Amino acid sequence: MDRKSVSCHKCVYFYVTWDKNFPYGCRAFGFKSRLLPSVEVKKASGKECLQFKKKEER
Ligand code: SF4
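When we follow our numbering, the leftmost residue of the sequence shown carries the number 1493, and every step to the right adds one.
Structure, rendered in structure tokens:
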């Protein structure tokens, strides 16, 4: 998979929390974050997110 294709905005697990301190969430990893979850995953693990699952395009 193309690394650059990991984008939370295109991922089924991504959601917006409406929490102003932690506006983004990832259901796959079960956390909320201030930056995009994939950025946090990369910081924590040193790897691109492996849970990415592309949303159906509408
Ligand atoms: S699974 Fe990965 S790509 Fe999807 S929302 Fe979570 S961090 Fe982002």
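Backbone N, C-alpha and C fix where the C-beta goes; we use that ideal spot for every residue, glycine too. Source: prediction; values computed, not measured.
- Taken through DSSP and simplified to helix, strand or coil, residue 1508 comes out as strand.
- Not a single heavy atom of ligand 1 lies less than 7 Å from the C-beta of residue 1514.
- Between residue 1498 and the set 1523, 1524, 1540, 1509, the nearest pair of CA atoms involves 1540.
- Between the C-alpha atoms of residue 1529 and residue 1500 there is a straight-line separation of about 7 Å.
- Taking every protein chain shown into account, the CB of residue 1549 has fewer than 16 other CB atoms within 10 angstroms, so this residue is exposed.
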